[in-house]
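Number of protein chains: 2
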Amino acid sequence: MDKQTGYVTRNLLATPIVMGKEVLAVFMAVNKVDASEFSKQDEEVFSKYLNFVSIILKFHHTNYLYNIESRRSQILMWSANKIFEELTDVERQFHKALYTVRTYLNCERYSIGLLDMTKEKEFYDEWPVKLGEVEPYKGPKTPDGREVIFYKIIDYILHGKEEIKVIPTPPTDHWTLVSGLPTYVAENGFICNMLNAPADEYFTFQKGPVDETGWVIKNVLSLPIVNKKEDIVGVATFYNRKDGKPFDEYDEHIAETLTQFLGWSLLNTDTYEKMNKLENRKDIAQEMLMNHTKATPDEIKSILKFKEKLNIDVIEDCEEKQLVTILKEDLPDPRTADLYEFRFSDLPITEHELIKCGLRLFFEINVVEKFKVPVEVLTRWMYMVRKGYQAVTYHNWRHGFNVGQTMFTLLMTGRLKKYYTDLEAFAMLAAAFCHDIDHRGTNNLYQMKSTSPLARLHGSSILERHHLEYSKTLLQDESLNIFQNLNKRQYETVIHLFEVAIIATDLALYFNCLFFRKRTMFQKIVDACEKMETEEEAIKYVTIDPTKKEIIMAMMMTACDLSAITKPWEVQSQVALLVANEFWEQGDLERTVLQQQPIPMMDRNKKDELPKLQVGFIDFVCTFVYKEFSRFHKEITPMLNGLQNNRVEWKSLADEYDEKMKVIEEMKKQEEGNTTEKAVEDSGGGGDDKKSKTCLML
Amino acid sequence: MDKQTGYVTRNLLATPIVMGKEVLAVFMAVNKVDASEFSKQDEEVFSKYLNFVSIILKFHHTNYLYNIESRRSQILMWSANKIFEELTDVERQFHKALYTVRTYLNCERYSIGLLDMTKEKEFYDEWPVKLGEVEPYKGPKTPDGREVIFYKIIDYILHGKEEIKVIPTPPTDHWTLVSGLPTYVAENGFICNMLNAPADEYFTFQKGPVDETGWVIKNVLSLPIVNKKEDIVGVATFYNRKDGKPFDEYDEHIAETLTQFLGWSLLNTDTYEKMNKLENRKDIAQEMLMNHTKATPDEIKSILKFKEKLNIDVIEDCEEKQLVTILKEDLPDPRTADLYEFRFSDLPITEHELIKCGLRLFFEINVVEKFKVPVEVLTRWMYMVRKGYQAVTYHNWRHGFNVGQTMFTLLMTGRLKKYYTDLEAFAMLAAAFCHDIDHRGTNNLYQMKSTSPLARLHGSSILERHHLEYSKTLLQDESLNIFQNLNKRQYETVIHLFEVAIIATDLALYFNCLFFRKRTMFQKIVDACEKMETEEEAIKYVTIDPTKKEIIMAMMMTACDLSAITKPWEVQSQVALLVANEFWEQGDLERTVLQQQPIPMMDRNKKDELPKLQVGFIDFVCTFVYKEFSRFHKEITPMLNGLQNNRVEWKSLADEYDEKMKVIEEMKKQEEGNTTEKAVEDSGGGGDDKKSKTCLML
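Spelled out as structure tokens, the structure:
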């Protein structure tokens, strides 16, 4: 100092002012007057005086720090507020956050450069390079190997009149890039703070103002924006601190907080992109599924023969009424086909013919004309439902049809229709046909154990919710929407009934809600109706309360779903084998795919126990349903009779088997008597809990 | 004060210490000694002295504020750090964030109660209520109408030994809930600060320590966690400030910041759930698609007849070699079926028979045995590819087959095979068959205009990327993976070739990359090979450089894709009509669906211009390809000959049309001569830009 100023320092009294570990200032007294050195007393005065000075200094410094921290948390809160507003893309997210916090940034101007994230080029873009016709890229690269390309610059002007400029695909000689500083930051990931830009070699390009505003760069703070995967996604550059001073370490700290937060928040923009892709892939798959499952014109023609009959080419040329008449004529006669009978059997009928039978039932309940269902749409829908059923052993289109037919018979022959409007009957019949659509031949428990996508989507009633969703998806296609001419309220009623009816086929719900806990609900309705004197009274009692109608409907769905057990023995014995086979196939899958021992009901090695299981199933699950329904409407008694008859048959088979087993047991005991060692027990351990096994049919 | 203390205040000198708008303290001097009041001088001394006192007070207060703000920004940064780590569910996210910031919370214990978000109950749960058998819920509800049910409590103990307790489905008499405070907060959304808990009616339940740790509640700060939709999602409760004092407004401020941030961040947990659902729905749709498109056992049998022949039931009983021989025998003879010929026509062959022809080609290039392709898998794959093609007018399975057959012919008859390994030829043939799978009969531009899910997923080469993705999806199913016995490196080669080959069929790329900008690439290779003296030299020149092989392959795909234009006139004239019809159908869609006027090529009102368009297409697009290939390998000349012959035919039709038009024009002019008015010009305005129209065929 002396050399520079020519002053002569002879003696010196100095002390630092310290806060924490930081030296805020140094105070000095120079050249004692009238003495060769400072005295002990001087030192005392000096230090006492400093107590006051330092407290003021510390106060101001703490105040400064407080402002910094306060700005920091404001910046964080406001960015978070914007970032969590919605999922959006990186440009919009950065823009929203940065624009909101602009006043806290304390600079005249700032710009965000967004980097191209493409790592790999298209193969055809690389050909010229690989052939040696084009020089390979030798320019700057990010640490993870991408070429440094700023595809967009957003330039925020805060000095003078506020303005935002967006520069897509900026040229490399744009003033924000020409210094090379953003590129340097993108290459190295360093934070760069230039205290005096004009004196720095990076900024020699600046001969005058950067643009028409007359503004010049004085100092610069530039930071990378880095995501959680450590990729540099962009560069934020702040220019000219508002008070004219260069940016200090606290400014760096604030800016780093902001860029770090923005970088982390890229999880959300990445998610946004992923979501969109996923959504599109889902839509594509669903669209393809529709393309593949929708009935072709030829398939429609195989049922709708009116074109030949009417000698027309285009369906619009024909009046709906004509179509209805002709289609009805072409369909099977419901009486000769036993469609009104509880004893109906699908076995002699082809699957294609069953589509026609299904169509016929809608005409029989007189809903086609009443609800203006276009015949072609109804046909396409019925065909689609048929195609929606997979070719599994039991839960296939034949089962779907049977449930529809039984619903029809309960309504008409069983006279339950009287409680329901035509619209409700329409919905119930349609729901019955759809109730097991796309069944995979394995039950809910298997979906859970194999953690299939279905089980991951639906928490409970897994398959039923899938049948419902798929049924509803079909209706969303106008060319399949048999309810297209209903008004909004009617349509909502239909959808609600679909939900109740299809979900009700989950036997687990039957057990939980109806059978054990609230079995009383259905029973109570039946009890109450039994006591009524007139039919009108009973109808009024039920129809006045939508909940009662829903409960009866849910019970009807169960009665339909289990109806195979009420069929004539020659049918039941065949169908029971189909059910059993599907169970055994699931058992096989459990063994091979899940590496688990199946329960006895699904274990084909325990085939012989089928009759006993059937008896249990009849006693614990079915009898209640058909007994109550027969009590409710005596017209339904044929179902109970069928059930009881089948019980006799299964029981005698079970007894036969027991007899056989007893004989074997006897022989074993005799052998045991011969040897002293105890016989090795049956593995599988299916002995004691046989009573509860029927419940596992869910 | 005097009343309370008995002191007598006679006079008083007082001044506040103010910081901003806040009064930090009031200083008072009471009862002047030896005088009846304070003098002016006293006041001066007092205020001078206070300058020092107040600065110290302000310093300490600022320091306190600084600490608050500093904790606040630390809490935000650390929560953000955790929240942006990954998408996860609400429990995990809250836990991670809260655990990380625990030291900044300055309390002895805190707990988070998570609320059940279910708004609607299952219909069957509402039945008993609706029937009047169960009382409706009358307990506390959130402002948006949910029942207040805490399904989980996370209890963080920071005093003494740190511990975290998770209480799933906590009973209502759990100490965190029994006060009723969290329920009150969940009901009203208020922030509650209880300065002295034991004195508050809410905490009268507390007779002693809440648990075995001996800890008692002294003061409580409880806040709702609210998401951006204003739903209360949970309640955060903080107990006992660490210094024993009650929580003050700054503590409230910090806690509010944290809960607000956590509440906002629920966007991410909601997104997480949505993503999972979307993913599952996509998987379900894809699974269903597979179920519906996979060849059924019967369909496989229609091709693989070995079972009858070998008299076996199960395929495993048969050796692969046997299968190969038998299948080969059953397939069409390639020579009599013209499969080696450029002039091959699919028109006389059924679509089912084409599957067999396709299979045969794989045997002809000897890859089935060499790469251990299971015959059943190959059959299933070929069948699936056939089924993957939609029944559109031109881009159907027949087109797919033709491209495969031409690829085969180029390799074998055209002798291009010599540049490729067997594995590469295998991949190229398979890719050729797949190249237009699931084409919708509309082009990329239509996808974009109609913003189909495909266009939203893929930015460029929309359909081609879809064909590629679908082809790859098929291979992911092991029962369809014809490349299942390749090693990893081989498999990657195949996938890469699929990508190059299928994407190369985007004619837009052909124009951009090959034809205009880099047409030279293929031409250069042909030029170089022409100059070579021996075949070996040419083979070496090409095979040493994978890029050259890729470029030739890409060009081969174009030659295959356009090969219909080289077929005998009787075939070309039929196929050209199919292409035209598909274009016109797209034109119809543009008119009806998009409400746009189609370009002339797709406008069925401009049918007559087809010959002219064909001539342009041959001249501007096709000639280069087949000329270069004929120059490259003279064996390919038949394609060029076919092309040139077809040009003659189309040209003569075009001339004929021109002639006709000229006559009409003449007549018009004569009429014009007769009338003074000018004739109304043709609408559609397709006159001038006819030359460029061919490019629109992309």
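Chains Z and S are the protein sequences, given in the same order. For the first sequence, our numbering assigns the number 1213 to the initial residue and increments by one for each residue that follows. For the second sequence, our numbering assigns the number 1213 to the initial residue and increments by one for each residue that follows. Virtual Cβ for every residue (Gly too), placed ideally from N, Cα, C. From a predicted model like this one, the values you see are computed outputs, not experimental measurements.
For Z:A1603, return the contacting residues in chain S, with the cut-off set at a CB-CB distance below 8 Å.
-> Start at 1 with the first residue of the first sequence, and residue 1603 of chain Z comes out as number 391. Under the 8 Å cutoff, chain S gives T1508.
Just curious, the alpha helix (DSSP H) that Z:A1912 is in, first and last residue?
-> What is shown of chain Z runs 1213 to 1910, which leaves residue 1912 of chain Z out entirely.
Please state whether DSSP places Z:G1392 in a helix, a strand or coil.
-> Looking up residue 1392 of chain Z in the first sequence gives position 180. The answer is coil: DSSP assigns Z:G1392 none of H, G, I, E or B.
Residues of the segment 1334 to 1359 of chain S whose Cβ lies closer than 7 Å to any Cβ of chain Z, in chain order = Answer in chain order: F1335, Y1336, W1339, P1340, K1342 and L1343.
List the residues of chain Z whose Cβ lies closer than 8 Å to the Cβ of S:M1289, in chain order.
-> Against the second sequence, residue 1289 of chain S aligns to sequence position 77. Residues of chain Z passing the Cβ test: L1288, T1469, Q1472 and F1473.
Counting only runs of 4+ residues fully inside the segment 1704 to 1782 of chain S, write out the alpha helix (DSSP H) ranges in chain order.
-> 1731 to 1743, 1747 to 1755 and 1758 to 1773
Within-7 Å CB hit, S:R1610 to chain Z = For this step, residue 1610 of chain S is matched to residue 398 along the second sequence. False, the Cβ-Cβ gap to chain Z never drops below 7 Å.
What residues of chain S sit near Z:I1267, judged by a beta carbon separation below 9 Å?
-> Here residue 1267 of chain Z refers to the residue found at position 55 of the first sequence. The answer, in chain order, is F1264, I1267, I1268 and F1271.
If you draw a straight line from the alpha carbon of Z:I1707 to that of Z:K1684, how long is it in whole angstroms?
-> In the first sequence, counting from the first residue as 1, residue 1707 of chain Z sits at position 495. In the first sequence, counting from the first residue as 1, residue 1684 of chain Z sits at position 472. Distance between the alpha carbons of Z:I1707 and Z:K1684 is about 8 Å.
Compare the C-beta of Z:F1844 against all C-beta atoms of chain S and say whether one is closer than 7 Å.
-> Along the first sequence, read from residue 1 onward, the residue named residue 1844 of chain Z stands at position 632. No - not a single Cβ of chain S is within 7 Å of the one on Z:F1844.
Per-residue DSSP class, three states only, for S:V1265 = One-based indexing of the second sequence puts residue 1265 of chain S at position 53. S:V1265: helix per DSSP, three-state reduction.
Shorter than 7 Å from the beta carbon of Z:T1770 to some beta carbon of chain S?
-> Reading the first sequence from its first residue, position 558 is the one you call residue 1770 of chain Z. No - not a single Cβ of chain S is within 7 Å of the one on Z:T1770.
Look at the alpha carbon of Z:K1331 and the alpha carbon of Z:N1439, and state the distance between them as a whole number of angstroms.
-> Translated into the one-based positions of the first sequence, residue 1331 of chain Z becomes position 119. Translated into the one-based positions of the first sequence, residue 1439 of chain Z becomes position 227. Going by the C-alpha atoms only, they are around 15 Å apart.
Would you check if there are 3 or more beta carbon pairs closer than 8 Å linking the segment 1483 to 1502 of chain Z to the segment 1570 to 1590 of chain Z?
-> Verdict: no, contact absent.
Rounded to the nearest angstrom, how far is the Cβ of S:G1392 from that of S:Y1414, given a contact under 8 Å?
-> For the purposes of this step, residue 1392 of chain S is taken as the residue at position 180 of the second sequence. For the purposes of this step, residue 1414 of chain S is taken as the residue at position 202 of the second sequence. Contact between S:G1392 and S:Y1414 holds: their C-beta atoms lie close to 6 Å from each other, under 8 Å.
Can you tell me which of the three DSSP states S:G1854 falls into?
-> In the second sequence, counting from the first residue as 1, residue 1854 of chain S sits at position 642. Note: S:G1854 maps to helix in three-state DSSP.
So, are the CB atoms of S:Y1601 and S:G1612 less than 7 Å apart?
-> Within the second sequence, the letter at position 389 stands for residue 1601 of chain S. Within the second sequence, the letter at position 400 stands for residue 1612 of chain S. Result yes, Cβ atoms of S:Y1601 and S:G1612 sit closer than 7 Å.
Shorter than 7 Å from the beta carbon of Z:E1840 to some beta carbon of chain S?
-> In the first sequence, residue 1840 of chain Z corresponds to position 628, counting from 1. No, Z:E1840 lies away from the interface with chain S (no Cβ there is under 7 Å from its Cβ).
Since I believe Z:Y1484 is in contact with Z:T1778 (beta carbons under 8 Å), could you give me their beta-carbon distance rounded to a whole number of angstroms?
-> Stepping through the first sequence from its first residue, residue 1778 of chain Z is reached at position 566. Stepping through the first sequence from its first residue, residue 1484 of chain Z is reached at position 272. About 55 Å separates the two Cβ atoms, so there is no contact after all.
Kindly give me the distance between the Cβ atoms of S:Y1595 and S:I1512, rounded to whole angstroms, as I take these residues to be in contact under 8 Å.
-> If you number the second sequence from 1, residue 1595 of chain S lands on position 383. If you number the second sequence from 1, residue 1512 of chain S lands on position 300. With a Cβ gap of about 7 Å, S:Y1595 and S:I1512 count as contacting.
Exposure label - S:V1678; buried when at least 16 CB within 10 Å = Translated into the one-based positions of the second sequence, residue 1678 of chain S becomes position 466. The sequence given here places His at residue 1678 of chain S; Val does not occur at that position. Counting Cβ neighbours within 10 Å, S:H1678 comes out buried, since at least 16 surround it.
Return the bridge partner residues of S:I1229 from the DSSP annotation.
-> What you label residue 1229 of chain S is simply residue 17 of the second sequence in a count that begins at 1. Partner(s): S:A1237.
Quick one: Cα of S:C1772 to Cα of S:N1614, how far?
-> Taking the first residue of the second sequence as 1, we reach residue 1772 of chain S at position 560. Taking the first residue of the second sequence as 1, we reach residue 1614 of chain S at position 402. The C-alpha of S:N1614 is placed about 8 Å away from the C-alpha of S:C1772.
Cross-chain neighbours of S:S1282 in chain Z, by beta carbon under 7 Å = If you number the second sequence from 1, residue 1282 of chain S lands on position 70. For S:S1282, the residues of chain Z that pass the 7 Å Cβ criterion are E1281, in the order they occur in the chain.
Local conformation of S:M1213 per DSSP, three classes = Numbered from 1 along the second sequence, position 1 holds the residue referred to as residue 1213 of chain S. Residue state, collapsed to three classes: coil.
If you draw a straight line from the C-alpha of Z:R1534 to the C-alpha of Z:F1556, how long is it?
-> As a working note, residue 1534 of chain Z is residue 322 in the first sequence. As a working note, residue 1556 of chain Z is residue 344 in the first sequence. It should be noted that the sequence gives Gln, not Arg, for residue 1534 of chain Z. Taking the straight line joining both Cα atoms gives about 30 Å.
With a CB to CB cut of under 8 Å and the five nearest residues on each side skipped, what residues in its chain are close to Z:T1849?
-> In the first sequence, counting from the first residue as 1, residue 1849 of chain Z sits at position 637. The answer, listed in chain order, is S1842.
Taking only the alpha-carbon atoms, compute the straight-line gap between S:N1790 and S:Y1606 and give it to the nearest angstrom.
-> In the second sequence, the residue the question calls residue 1790 of chain S occupies position 578. In the second sequence, the residue the question calls residue 1606 of chain S occupies position 394. Sequence check: residue 1790 of chain S is Leu here, not Asn. Spanning the alpha carbons of S:L1790 and S:Y1606 requires a straight line of approximately 5 Å.
Nearest to S:R1453 by CA position, among S:W1593, S:E1320 and S:P1352, is which residue?
-> Locating residue 1453 of chain S in the second sequence gives position 241, where the first residue counts as 1. Per the Cα distances, S:E1320.
Anything in chain Z within Cβ reach of S:I1496, meaning under 8 Å, just list it in chain order.
-> For the purposes of this step, residue 1496 of chain S is identified with residue 284 of the second sequence, where counting begins at 1. Neighbours of S:I1496 on chain Z, chain order: P1665, L1666, L1669 and H1678.
Candidates S:H1371, S:C1834 and S:S1323: which alpha carbon is nearest S:W1427's?
-> Locating residue 1427 of chain S in the second sequence gives position 215, where the first residue counts as 1. Answer by Cα proximity: S:H1371.
Using a Cβ-Cβ cut-off of 8 Å (strictly less than) and excluding sequence neighbours within five positions of Z:T1621, which residues of its own chain qualify?
-> Indexing the first sequence from 1 puts residue 1621 of chain Z at position 409. Closer than 8 Å at the Cβ level, and outside the excluded window around Z:T1621, lie L1551, Y1552, E1553, F1554 and F1556.
Buried or exposed (CB count within 10 angstroms, at least 16 for buried), S:V1235 | As a working note, residue 1235 of chain S is residue 23 in the second sequence. It is exposed - the Cβ of S:V1235 has fewer than 16 other Cβ atoms within 10 Å.
Using a threshold of 6 Å, is the CB atom of Z:I1763 nearer than that to any non-hydrogen atom of the ligand SAH?
-> With respect to small molecules bound, the structure shown includes none, and the ligand SAH cannot be examined in it.
Among residues of its own chain, excluding the 5 on either side of Z:K1863, which ones have a beta-carbon nearer than 7 Å to its beta-carbon?
-> As a working note, residue 1863 of chain Z is residue 651 in the first sequence. The answer, listed in chain order, is V1827.
Name the one or two DSSP bridge partners that Z:F1586 has.
-> Here residue 1586 of chain Z refers to the residue found at position 374 when the first sequence is read from its first residue. Reading off the sequence, residue 1586 of chain Z comes out as Pro, not Phe. Bridge partners of Z:P1586: none, in fact.
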